[in-house]
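As given, the protein sequences belong to chains L and A, one line each in that order. Using the working numbering, read the first sequence as starting at 1 and increasing by one per residue. Using the working numbering, read the second sequence as starting at 253 and increasing by one per residue. To keep things clear, I will list the structure first and then write my remarks on it.
Number of protein chains: 2
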Amino acid sequence: MTGPVLPRSGRPVPCERCPLRGLPFFRDFDEGELAFVSSFKTGEVTAGQGASVLQEGTHSPHLYTLLSGWAFRYKMLSDGRRQILNYMLPGDLIGLQGTVTGTMEHSVEALTPIVLCLFERERLAELFVNHPGLSFDVTWMAAREERILDDHLLSVGRRTALERAAYIIAFLHSRAMRIGLAKNERLFIPITQVHVADTLGLSTVHTNKTLKKLSDLALIRWHDRSCEVLDPAGLMDLAGWEGEHERKRPFV
Amino acid sequence: MTGPVLPRSGRPVPCERCPLRGLPFFRDFDEGELAFVSSFKTGEVTAGQGASVLQEGTHSPHLYTLLSGWAFRYKMLSDGRRQILNYMLPGDLIGLQGTVTGTMEHSVEALTPIVLCLFERERLAELFVNHPGLSFDVTWMAAREERILDDHLLSVGRRTALERAAYIIAFLHSRAMRIGLAKNERLFIPITQVHVADTLGLSTVHTNKTLKKLSDLALIRWHDRSCEVLDPAGLMDLAGWEGEHERKRPFV
DNA sequence: CGTTACGTTGAAAGCTTTCAAGCATCGTGG
DNA sequence: CCACGATGCTTGAAAGCTTTCAACGTAACG
């Protein structure tokens with residue numbers, strides 16, 4: 001059983017001119033690595049807002065990298081209860097777990113229109129054999145995801161509703177800022193309150209009341225389908241979250 | 253700031269005769285790999301029950317593999333609230349995250365007396381350069397941890413208290429059985445109710461009442477400092493958990 | 001203009017935590 | 001040998017947090 005089929009994008013961006021490569025915290029590739037990644041990338045696909053990119057239980061022959069837009073991954077229980085596990089922003093690797101397990105154990109959905117770089121999973125072995133630097137990068141990214149999940153688990157398990165809400169918004173703000181997603185200094189996170197609820201393990205009703213408190217504290221402002229962050233430091237403070245101590249990161 | 257210093261074990265087990273290597277689901281090494289791992293391992297350390305192995309915020313120059321015993325890793329909020337993130341059983345890699353971040357972002361504590369194989373983190377680069385197979389294994393293990401965390405997050409976020417309790421016990425049972433930890437067919441998981449509470453994100457009082465329900469359902473029996481699993485299938489069923497679809501796994 | 005998706009509210013019901021004790025076991029020092 | 005403190009497990013009851021139920025408002029869309 002294979003997952004959703006997504007439309008190919010017209011003219012893919014060549015890796016040499018990847019817009020992400022210029023960002024300050026991505027590490028530089030040497031020529032061999034760049035050449036390999038270039039040939040590893042077999043195309044681009046797009047998905048509209050709300051489109052399903054990968055589906056739990058299916059097998060996908062591809063590995064993706066998010067080139068632009070926002071997405072999230074989640075798992076569901078048989079009766080429909082949903083837990084959002086993490087969010088994906090440009091530069092993030094999508095679908096690595098599938099290489100390990102065979103079938104996907106979670107689903108991925110687009111939060112905005114997105115563009116994905118497409119890689120053939122089969123050639124991942126080649127990457128490990130010929131490019132230790134890139135192999136390490138892949139491991140690095142897996143370990144980073146693990147660290148993020150640790151934080152989320154701490155949050156859902158031990159923080160109060162208000163702290164959790166502050167945490168997740170501060171977290172998304174921090175990630176988005178790092179890759180320069182703020183348009184003219186204001187950042188709008190493209191999520192609905194249902195997403196927040198399913199991330200925090202709360203009901204939508206209670207999430208709504210909790211977010212209202214954050215608004216009353218002038219930490220955020222809620223717009224239609226998006227959250228504007230007014231006071232990131234205040235959110236971190238309320239959540240008791242130190243932020244990510246992340247250094248120069250790799251990407252594929 | 254470095255972490256705890258643990259006593260060295262008298263006579264380390266040579267990797268060639270590692271007792272774990274024989275277990276059915278660990279993959280075989282080729283000669284080169286075995287030789288490398290052998291030289292990569294610089295010793296063994298032990299820790300008693302309740303001893304701290306790694307500490308959040310410190311920097312450890314080592315990478316470990318758990319040779320025997322049980323351990324768990326956790327994070328704490330500044331006011332002492334603790335969240336257990338996952339458990340470690342023989343064969344598990346400990347401390348990989350530190351390689352990526354520099355400092356540990358979580359702590360590790362022994363649940364029983366344990367023995368750890370010691371590796372020099374510095375030589376990990378060598379592993380990536382010369383042993384693509386082992387590099388892939390490391391990535392595999394990171395991805396596996398990620399998958400487990402996904403499951404835990406789903407559990408803490410969206411399952412009821414009773415389902416959560418059933419899930420975590422079924423999960424630990426499944427992992428322990430796979431590596432043959434059941435003494436004469438009965439498995440005793442060496443945890444206290446406080447551990448269960450801190451894993452599930454519940455108070456100890458409520459955890460106690462929830463575990464009592466599982467006992468009343470004849471799914472488990474609680475002993476002093478340990479949980480005996482009576483009906484693993486019943487637990488999985490109650491939790492709505494499919495179990496791990498894990499195939500032959502690597503180890504370092 | 002009806003429908004759908006998203007956000008908002010109030011109130012009751014229900015689940016969890018907190019508070020307060022109490023019991024048993026175990027290792028230690030007197 | 002026994003008292004005592006520490007650890008771990010139990011319980012009952014009140015307080016508090018969250019969910020559920022039920023509506024309602026608005027904006028976007030076909």
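Where a beta carbon is used, it is the ideal one built from N, C-alpha and C, also for glycine.
Beta bridge counterpart(s) of residue i as assigned by DSSP
i: Ala395/A; result: Answer by DSSP bridge pairing: none, since Ala395/A is not bridged.
i: Ile189/L; result: Cys227/L
i: Trp474/A; result: Cys479/A
i: Arg273/A; result: Bridge partners of Arg273/A: none, in fact.
i: Thr254/A; result: His311/A
i: Arg8/L; result: Val45/L
Below-8 Å beta-carbon distance, residue i vs any chain A residue
i: Ala253/L; result: Outside the shown range of chain L (1 to 252) lies residue 253/L, about which nothing can therefore be said.
i: Thr139/L; result: yes
i: Ser78/L; result: yes
i: Lys75/L; result: yes
i: Gln83/L; result: yes
i: Phe29/L; result: no
i: Arg147/L; result: yes
i: Glu105/L; result: yes
i: Gln193/L; result: no
i: Thr65/L; result: no
i: Leu172/L; result: no
i: His62/L; result: no
i: Thr101/L; result: yes
i: Gly201/L; result: yes
i: Asp237/L; result: no
i: His59/L; result: no
i: Asp154/L; result: For the sequence presented, residue 154/L should be read as Leu rather than Asp. Chain A contact via Cβ: present.
i: His245/L; result: yes
8 Å Cβ cutoff, residue i in contact with chain L
i: Trp474/A; result: no
i: Glu374/A; result: no
i: Pro384/A; result: yes
i: Arg410/A; result: yes
i: Ser387/A; result: yes
i: Gly225/A; result: An answer regarding residue 225/A cannot be provided, because it is not within the stretch 253 to 504 covered by chain A.
i: Val380/A; result: Here residue 380/A is Phe; the residue named in the question, Val, does not match the sequence. Taking Cβ atoms only, chain L reaches closer than 8 Å to Phe380/A, which makes this a yes.
i: Val305/A; result: no
i: Gln349/A; result: yes
i: Leu466/A; result: no
i: Asp344/A; result: no
i: Asp483/A; result: no
Closer than 7 Å: residue i CB and nearest the ligand GTP heavy atom
i: Gly57/L; result: Ligands are entirely absent from the displayed structure, and the ligand GTP is therefore not among its contents.
Terminal residues of the beta strand (DSSP E) in which residue i lies
i: Phe371/A; result: Ile366 to Glu372
i: Glu109/L; result: Ser107 to Ala110
Delimiting residues of the alpha helix (DSSP H) encompassing residue i
i: Phe380/A; result: Leu376 to Asn382
i: Gly486/A; result: Pro484 to Ala491
What are the uninterrupted segments assigned as beta strand (DSSP E) that are 3 or more residues long and contained completely in the region 291-352 of chain A, given in chain order?
-> Those beta strand (DSSP E) runs which fall completely within the region 291-352 of chain A and span 3+ residues are 293-299, 304-306, 314-320, 323-328 and 334-340.
Runs of beta strand (DSSP E) wholly within the region 164-212 of chain L (minimum 3 residues, chain order) | If we require 3 residues or more, the region 164-212 of chain L turns out to have no beta strand (DSSP E) run fully inside it.
Does the count of Cβ pairs from the region 150-164 of chain L and the region 315-322 of chain A closer than 8 Å reach three?
-> Fewer than three beta-carbon pairs drawn from the region 150-164 of chain L and the region 315-322 of chain A are found closer than 8 Å, and the two stretches are therefore not classed as touching.
Assess, as a yes-or-no matter, whether the region 381-388 of chain A is touched by the region 325-339 of chain A under the definition of 3 or more beta carbon pairs within less than 8 Å.
-> The region 325-339 of chain A makes no contact with the region 381-388 of chain A, as fewer than three CB pairs between them are under 8 Å.
Do the region 359-379 of chain A and the region 458-471 of chain A make contact, defined as three or more Cβ pairs closer than 8 Å?
-> The region 359-379 of chain A, when compared against the region 458-471 of chain A, does not touch it at the 8 Å Cβ threshold.
At least three beta-carbon pairs within less than 8 Å, the region 255-266 of chain A to the region 173-184 of chain L | Touching, no, given that fewer than three Cβ pairs across the two stretches are closer than 8 Å.
Should the region 96-107 of chain L be called in touch with the region 352-364 of chain A, which here means at least 3 C-beta pairs below 8 Å?
-> When Cβ pairs closer than 8 Å are counted between the two stretches, the region 96-107 of chain L is seen not to touch the region 352-364 of chain A, the count staying below three.
Is the region 304-312 of chain A in contact with the region 388-395 of chain A, if contact means three or more CB pairs nearer than 8 Å?
-> Not touching, per the Cβ criterion.
Is the region 225-235 of chain L close to the region 169-177 of chain L, with three or more CB pairs under 8 Å?
-> With the cut-off at 8 Å, the region 225-235 of chain L and the region 169-177 of chain L touch.
Are the region 443-456 of chain A and the region 334-342 of chain A touching, with three or more C-beta to C-beta distances below 8 Å?
-> Judged by Cβ distances under 8 Å, the region 443-456 of chain A makes contact with the region 334-342 of chain A, as three or more pairs qualify.
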